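Residue numbers are given in numbering that gives the first Met the number 0: position 268 of the sequence shown equals residue 267, and the series is strictly consecutive. Cβ coordinates follow ideal geometry from the N, Cα and C atoms, glycine included. No experiment lies behind these values; they were computed from the predicted model shown. Just below is one structure, and these are the notes that go with it.
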Amino acid sequence: MKADEIYLDQKHECMSADEMEALQSERLVDTVKRVYENVPFYTEKMKELGVEPGDIKGIEDIGKLPFTTKEDLRNNYPFGLRAVPAEDIVRVQGTSGTTGKLTIIPYTQNDVDAWAECMGRCLTMAGLTRKDIIHVCYGYGLFTGGLGADYGGQRIGAMCVPMSAGNTQRQIMCMEDFGATAIACTPSYALNLAEAIQAAGKVDAMKLKVGIHGAEPWTEEMRSKIENILGIECFDIYGLCEMTGPGVAMDCREHNGLHINHDYFYPEILDPVTHEPVGDGEIGELVFTTLMKEGMPLLRYRTKDLTSITHATCECGRTMPRISKFKGRTDDMKVIRGINVFPTQVETVLLSIGGDVSNHYLMIVDRTDNRDNLTVQVEVSAEAYASAERTRAIKKQIAAKLKQALGLSVDVDIVAPETIQRSEGKAKRVIDNRKL
Ligand code: DLL
């Protein structure tokens with residue numbers, strides 16, 4: 000362990016593999032018993048598979064358990080999968096979901112405390128302590144970002160400023176006046192803020208040292224860009240409301256993968272088609288089983304997030320397994336003329352060009368005469384946009400680089416600065432007009 004970091008919980012963060020497996024096994028056996036007895040959905044699913052709680056003796060039996068999908072949550076909306084009496088629920092969180100029903104997750108007080116603990120661990124991974132001032136511009140509400148950062152901040156005794164997103168000038172004023180040392184927000188909003196702070200000539204007036212960013216996929220190039228503008232160290236935090244919002248995993252100061260709080264959430268990486276486990280280092284779908292959740296425990300929840308895992312001990316000393324930075328979700332991936340395309344690939348190309356080319360982009364997928372077409376709208380600087388010659392050259396350069404990176408010809412549409420809608424929460428990067 001590095002002497003300058005304060006750790007909340009070395010016991011769990013650095014536990015040996017055998018000890019951890021014993022703990023996870025004990026917790027899994029208990030979880031399975033609780034859901035079998037209290038959640039008719041799981042009683043039926045397990046009966047369909049011919050599995051009884053007594054068949055689950057430890058973590059090695061996890062493959063016998065049924066999967067849970069987002070569809071299952073929707074079909075049991077809002078509280079059909081609750082495992083405790085209604086009066087034991089102290090909070091609901093969820094996703095706003097742009098289509099269909101919300102995903103609603105009930106939490107008991109112990110669930111909220113566990114969430115605070117996981118988030119507290121994550122914040123200390125970034126070196127934050129009770130001396131820090133955390134400016135939180137994740138949204139507060141059903142979305143877990145704002146409250147999650149807040150609970151973690153309280154857990155470590157830091158001061159939290161509950162701003163939510165929006166009104167960037169006011170954000171800058173408060174960050175400067177209150178002396179924020181950390182910001183917590185989506186990476187896309189962090190970059191908006193960073194550019195606004197730079198444009199206001201306020202970079203040197205800030206005391207910022209750390210950024211805690213997640214809730215959407217982002218690239219290493221994006222990390223460098225935010226870090227370079229603000230002179231801070233950025234961390235990638237992952238979570239989903241079905242588990243506990245932010246705090247499921249986060250990268251430490253080694254920045255070599257995100258450590259999973261695996262005493263709370265047991266991870267599997269499975270082939271998305273065969274559902275068989277893939278080996279360390281291989282990409283697959285991340286599937287989680289909650290080990291301590293009371294309000295709504297979930298067995299083998301299919302996140303649709305694509306990543307790989309390593310169980311090797313990190314240089315930081317933690318034994319918690321690490322997942323690689325997310326490439327995207329299975330449902331963010333667009334198949335265009337047979338080629339898989341993720342928004343993060345486009346982001347990498349644009350940020351690698353830099354200069355007049357901004358990172359503000361939108362992918363638009365259309366189908367005409369049975370042929371799919373990808374158009375990438377990109378904002379360039381005002382100076383470049385004013386010159387037809389420069390615009391043409393930039394367009395050609397982006398198209399060539401995208402073709403090389405994606406293996407696909409792409410139409411590039413150069414647009415004026417501030418054309419593409421800025422995100423305050425999760426950025427919308429793709430519009431798919433195909434009726435698939
Ligand atoms: O986004 C929780 C969160 C809030 C995480 C703040 C980090 C920071 P949901 O709204 O339920 O919860 O969305 C969960 O967001 O399945 C991923 O697809 C995506 N996601 C979350 N964190 C990351 C990340 C919150 N660091 C869904 N990298 C997840 C890539 C992420 N994708």
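| Asked | Found |
| --- | --- |
| Assigned secondary structure, Tyr137 (DSSP; H/G/I helix, E/B strand, else coil) | coil |
| Min CB distance Arg301 to chain B below 9 Å | The displayed structure is made up of one protein chain only, and chain B is not part of it. |
| Pro65, enclosing alpha helix (DSSP H) - first and last residue | That residue, Pro65, is in no alpha helix (DSSP H); it is neither H nor E in DSSP. |
| Residue ranges of each beta strand (DSSP E) within the region 183-270, 3 or longer | 209-213, 232-239, 244-250, 257-259 and 264-269 |
| Phe78 CB to nearest heavy atom of the ligand DLL below 8 Å | no |
| Cβ-Cβ distance between Gln23 and Tyr188 below 9 Å | no |
| Pair within 9 Å by beta-carbon distance, Leu127 and Ala195 | no |
| Where Met0 falls: helix, strand or coil (DSSP) | Low confidence applies to Met0: its pLDDT is 38, below 50, so where it sits in the model is not reliable, and the reading given next is rough at best. Residue state, collapsed to three classes: coil. |
| Residue interval of the beta strand (DSSP E) (run including Leu285) | Gly283 to Thr289 |
| Per-residue DSSP class, three states only, for Lys292 | coil |
| The ligand DLL heavy atom lying under 8 Å from the CB of Phe325 | yes |
| 9 Å Cβ cutoff met for Asp431 and Val364 | yes |
| Terminal residues of the alpha helix (DSSP H) in which Ser24 lies | Ala16 to Asn37 |
| Contact under 9 Å by Cβ, Ser351 with Glu232 | no |
| The ligand DLL heavy atom lying under 8 Å from the CB of Ala115 | no |
| Rounded straight-line distance, which links the Cα of Pro245 to that of Ile155 | 15 Å |
| For Glu314, the three-state DSSP class (helix, strand or coil) | coil |
| Cross-strand partners of Arg433 (DSSP beta bridge) | In the DSSP output, where bridge partners are listed per residue, Arg433 has none listed. |
| Continuous beta strand (DSSP E) stretch holding Arg366: start and end | Val356 to Thr367 |
| Cβ-Cβ separation, Gly119 to Gly147 (assumed contact under 8 Å), whole Å | Their Cβ separation, rounded to whole angstroms, is 11 Å, which puts Gly147 and Gly119 out of contact at 8 Å. |
| Classification of Met242 by the beta-carbon crowding that lies within 10 angstroms, buried from 16 upward | buried |
| Closest by C-alpha distance to Gly327, when choosing among Ala387, Glu215, Gly238 and Glu51 | Glu215 |
| Rounded separation between Gly53 and Leu64 - CA only | 12 Å |
| Nearest-angstrom Cα separation, counted from Thr273 out to Leu405 | 26 Å |
| Contacting residues, own chain, Cβ-Cβ under 7 Å from Leu285 (five flanking each side not counted) | Pro266, Ile268, Thr302, Asp304, Thr306 and Ile322 |
| Neighbour-count burial assignment, Asp330, 16 or more Cβ in a 10 Å radius | exposed |
| Heavy atom of the ligand MG within 8 Å of Gly147 beta-carbon | No copy of the ligand MG appears in this structure; the ligands present are the ligand DLL. |
| For Cys159, the three-state DSSP class (helix, strand or coil) | strand |
| Touch test, the region 366-384 against the region 250-257, Cβ-Cβ under 8 Å, three pairs minimum | no |
| Cβ shell of Cys295 (< 7 Å), same chain only, five flanking positions each side left out | At residue 295 the sequence reads Met, which differs from the Cys that was named. For Met295, where only same-chain residues beyond five positions count, the Cβ hits under 7 Å are Leu80, Arg81, Ala82, Ile104 and Pro105. |
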